[in-house]
Amino acid sequence: MNPSQPLKTVILAGGLGTRLSEETVVKPKPMVEIGGHPLLWHIMNIYASQGFGEFVVALGYRGDLVKDYFLRFNAMNADLTLDLATGATQVHDGDHPQWKVHLADTGLETQTGGRLLRLRGWLEGDDLFLMTYGDGVADIDLSALLAFHRRHGRLATVTAVRPPARFGAITFDGDRVTRFAEKPQVGEGWINGGFFVLDRKVFDYIDGDQTPWEQGPMERLSAEGQLMAYRHEGYWQPMDTLREKHLLETLWRSGRAPWKVWP
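Spelled out as structure tokens, the structure:
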């Protein structure tokens, strides 16, 4: 897919990741590695391989590690020549993806909705943008997702998936979301899988830093008939626990990682 005007992609990458504390005590969850690459790299490849190569990454906990990763990206993915006498460094041909990456500090304690609101200035002039979490991968068809959003004409689209019952539940009337309840104790069916398409008017639904996107804003959008769900029947997997990290690692090492939609 090569859209004439590719949309920017927001990635929320600032949370603490407490359920993966074995890894995230020293790094943010999106920087936990699968197959030698941060999960953030995997997510960005999903988008970039389908024509969406400009990212706005919302940083928080250990955002310095994310910045350092991208500042050193070219050097770490290519051969180098170092002139120790002069300090000059030459980076030779290597793996240089055609990405533009904006790294924005959105605060240490900011909630997901607050992080999105803080990015408003980075999305100035963008009537529509994509958004996802920095801890989940999928073999999602982004062109189909975007076409679905443009057909229904509402303010927001959430990708609905079918995983374990510990996530937020979605109730439908056709494709319109009639009820959104985040993380019930028990439940089954369709849940919030991230991979959103959003109109910039959604900023008006966010009160401030302490607003979780999944509560007030999504609930209000649902109540007003402005939240639609794109049902993704394919692969989707979050990385919330060490067990899930090991699962993703095993799939990657097998050479059959379902989310690897890029060459």
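Numbering (our numbering), first residue to last: 14 to 276. Here a beta-carbon is modelled for each residue, glycine too, at the ideal position from N, C-alpha and C.
Please report the distance separating the alpha-carbon of residue i from that of residue j.
{"i": "S267", "j": "H115", "result": "33 Å"}
{"i": "G28", "j": "L234", "result": "23 Å"}
{"i": "T99", "j": "L93", "result": "15 Å"}
{"i": "L84", "j": "Y146", "result": "22 Å"}
{"i": "P51", "j": "A242", "result": "28 Å"}
{"i": "G202", "j": "A173", "result": "9 Å"}
{"i": "Q103", "j": "R164", "result": "48 Å"}
{"i": "E237", "j": "P19", "result": "28 Å"}
{"i": "N58", "j": "N87", "result": "16 Å"}
{"i": "I56", "j": "D186", "result": "30 Å"}
{"i": "D140", "j": "G48", "result": "36 Å"}
{"i": "F68", "j": "L95", "result": "31 Å"}
{"i": "D217", "j": "E246", "result": "31 Å"}
{"i": "W226", "j": "D108", "result": "35 Å"}
Applying the 10 Å Cβ sphere with the 16-neighbour rule, what's the burial state of residue i?
{"i": "V199", "result": "Confidence is the limiting factor: at V199 the pLDDT is only 45, short of 50, which leaves the residue's position unreliable and the question unanswerable from this model."}
{"i": "W249", "result": "buried"}
{"i": "D148", "result": "buried"}
{"i": "R175", "result": "exposed"}
{"i": "A71", "result": "buried"}
{"i": "L121", "result": "exposed"}
List the endpoints of the continuous alpha helix (DSSP H) containing residue i.
{"i": "A236", "result": "229 to 236"}
{"i": "F65", "result": "Where F65 is concerned, there is no enclosing alpha helix (DSSP H), given that its DSSP letter is neither H nor E."}
{"i": "D81", "result": "76 to 84"}
{"i": "L159", "result": "155 to 165"}
So the beta strand (DSSP E) residue i belongs to, where does it begin and stop?
{"i": "H55", "result": "Counting along the chain, H55 falls outside any beta strand (DSSP E), though it belongs to the alpha helix (DSSP H) covering 52 to 61."}
{"i": "V171", "result": "169 to 174"}
{"i": "L143", "result": "141 to 146"}
{"i": "W249", "result": "249 to 251"}
{"i": "T254", "result": "Note, T254: premise wrong, no beta strand (DSSP E); not H, not E."}
Give a yes or no on whether the C-beta atoms belonging to residue i and residue j are separated by under 8 Å.
{"i": "F142", "j": "V23", "result": "yes"}
{"i": "G73", "j": "R128", "result": "yes"}
{"i": "A91", "j": "L53", "result": "no"}
{"i": "F208", "j": "L136", "result": "no"}
{"i": "A169", "j": "W112", "result": "no"}
Opposite residue i in the DSSP bridges: which residues?
{"i": "R189", "result": "D186, M241"}
{"i": "L121", "result": "Per DSSP, none; premise fails for L121."}
{"i": "H115", "result": "V69"}
{"i": "F209", "result": "M144"}
{"i": "D96", "result": "A101"}
{"i": "T22", "result": "F68, L143"}
Determine whether the Cβ of residue i lies closer than 8 Å to any Cβ atom of chain B.
{"i": "K113", "result": "Looking at the structure shown, chain B is missing, and only one protein chain is on hand."}
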